[in-house]
Structure formats: structure tokens, C-alpha cells
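Engineer: Have a look at this one.
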Amino acid sequence: MIPNRHPVIIASVLAALASLAGCASAPPKPLRGEFAAIVPTQAAGNGQIGDQVRWGGRIIAVQPTPQETCIELLSRELSSSAKPSGNPDHSQGRFLACRNGFYDPAIFTNERDVTVTGRIVAYETRQIGEYAYRYPRVAADVIYLWPEQSETRAYYADPFWPMHYGAWGWGYPYRTVIVRPAPRSETPPAK
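Position one of the sequence shown corresponds to residue 884 (my numbering), numbered consecutively onward.
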């Protein structure tokens, strides 16, 4: 007589699916919600004032004023965790994210990744070289600065082959890339 293994198989499959569901990356809590499915280039062409958006990208410039700080961003596609990702050479346009208060340009530096949530409130035309570019202006509810990351490359070295190269000098047999948050450099205060 063959024992009934269906309950064991079903339980194993359910356990595997439950563990895989835990691997899905969700956006940080401040970046969750319902947002319009438009990108800055579409918004600039269609005049979608009032739409709630979640956009992200690389910082181009930060302009603090006495009332607010406006951050100019080069938009990029967002990952499932709402972090700007994808090909850095592929842009979805530019936009301005403005919020009351002071955002320090020494922290919000060029080339940092930011995700913004807020409403499109206006459009501004600014010069990029000789070109007049129409920027969607977002009244930001959240400006989320992503931590800097650095790559650490780890290589496997064959102890039985000289100079740590693979067979016949064909290079490293294995390569692992580990991405870790970059350490923050602390500068001592001037006396």
C-alpha cells in the first residue's frame, strides 16, 4: 500500500510560496499609496495639474529659498520598491520637487537618488543651455533620499593555480558583487 503523500506535497508547496512572498520588496511606508500612472514627459505635454504622482530620479540641482527648497531631478523609472532604477542613460524627463523648509545642498548633492510623492501644481519653463524646457512642478509631500551604495567586488581565488587565475590564464573563475551602503565621511568642525 502506498501512503497518501498529497498533504505533504501541498504543505511543502504552500510553505515555498509563503517564503517567496516574503521576498517581494515593497516601498518604504512614506512612499506607499495610489498615484497617477504618468511620467514627467507626459505630464509636461498634457498639463495634468492636480494629479498625485510618485516620481524619482537623480538630483541635478538644489535651490533653497527663504520659504521652500526646490530640487531639480532627472526622472528615471522606479523599481518595485519605488527606488529610481533602470538604465541611467534613459530619462523620463525632468521635474521640480518643491517643499517648505530647508533641504541642505551639502546632503542633497548631485547624483543622489530621490523619490518624491506629491501633487502636480504648476509648470515652469527654464533654460537648459539654449533650450526652453517645460518642467512639471510637484508640491512634495515626501522627499525620500536613498542611502548611497558602493560596490564591493569579491573574487574566488583557486589555491592550486598560480597568480590566482583560472585554468590556462582565463581570468577569475567566480565573481560576486556585494552592494553595501557607503560609509558617511565625518568632517571635524572647524575651530
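C-beta atoms are modelled at their ideal positions from N, C-alpha and C, and glycine is treated no differently.
Helix, strand or coil: how does DSSP classify Asn929 here?
Structural biologist: Helix at Asn929.
Engineer: Name the one or two DSSP bridge partners that Trp938 has.
Structural biologist: Val999, per the DSSP bridge assignment.
Engineer: Judging by CA-CA distance, which residue of Ala926, Cys953 and Ala1015 is the nearest neighbour of Asp987?
Structural biologist: Among Ala926, Cys953 and Ala1015, the Cα nearest to that of Asp987 belongs to Cys953.
Engineer: Going by beta carbon distance, what residues of the same chain come within less than 7 Å of Gln975, once the five residues before and after it are set aside?
Structural biologist: Closer than 7 Å at Cβ, skipping near neighbours: Val922, Pro923, Thr924, Ser958, Arg959 and Glu960.
Engineer: Could you check whether Ala927 and Arg1017 sit closer than 8 Å to each other, using their CB atoms as the reference points?
Structural biologist: Yes; because the gap between Cβ atoms is below 8 Å, this pair is in contact.
Engineer: Nearest to Gly940 by CA position, among Ala1022, Trp1029, Val1004 and Asp996, is which residue?
Structural biologist: When only C-alpha atoms are compared, the closest one is Asp996.
Engineer: My assumption, with CB atoms under 8 Å, is that Pro911 sits in contact with Tyr1014. Please give the rounded CB distance.
Structural biologist: The Cβ separation is near 35 Å, so there is no contact.
Engineer: Please report the Cβ distance between Glu955 and Leu979, rounded to the nearest whole angstrom; I am assuming they are in contact, meaning their Cβ atoms lie under 8 Å.
Structural biologist: Correct: roughly 6 Å between the Cβ atoms.
Engineer: Over what stretch of residues does the beta strand (DSSP E) that includes Arg1020 continue unbroken?
Structural biologist: First-last of the beta strand (DSSP E) with Arg1020: Tyr1014 to Leu1028.
Engineer: Using alpha carbons as the reference points, say which of Pro971, His973, Arg1002 and Ala965 lies closest to Gly930.
Structural biologist: Of the listed residues, the one whose Cα sits closest to Gly930 is Arg1002.
Engineer: Using CA coordinates, which residue listed in Cys981, Asp972 and Thr1000 is at the minimum distance from Pro947?
Structural biologist: Here the closest residue by C-alpha is Cys981.
Engineer: Alpha carbon to alpha carbon, how far is Asn970 from Val936?
Structural biologist: Cα to Cα, the separation comes out at about 21 Å.
Engineer: Between the Cα of Ile1011 and those of Ser962, Glu917, Trp938 and Arg977, spot the shortest distance and give me the residue it belongs to.
Structural biologist: The shortest C-alpha separation from Ile1011 is found at Arg977.
Engineer: Count the other CB atoms within 10 Å of the CB of Ile893; is the residue buried (16 or more) or exposed (fewer)?
Structural biologist: Label assigned to Ile893: exposed.
Engineer: Let's test the definition: count the other Cβ atoms within 10 Å of the Cβ of Arg915 and tell me whether it reaches 16, buried, or not, exposed.
Structural biologist: Classification for Arg915: exposed.
Engineer: Considering only the beta carbon of each residue, do Pro913 and Val1025 sit closer than 8 Å?
Structural biologist: Cβ atoms of Pro913 and Val1025: closer than 8 Å.
Engineer: Based on DSSP bridge pairs, tell me the residues matched to Gln946.
Structural biologist: Bridge partners of Gln946: Cys953.
Engineer: For the beta strand (DSSP E) holding Asn983, just list the boundary residues, first then last.
Structural biologist: Per DSSP, Asn983 belongs to the beta strand (DSSP E) from Arg977 to Asn983.
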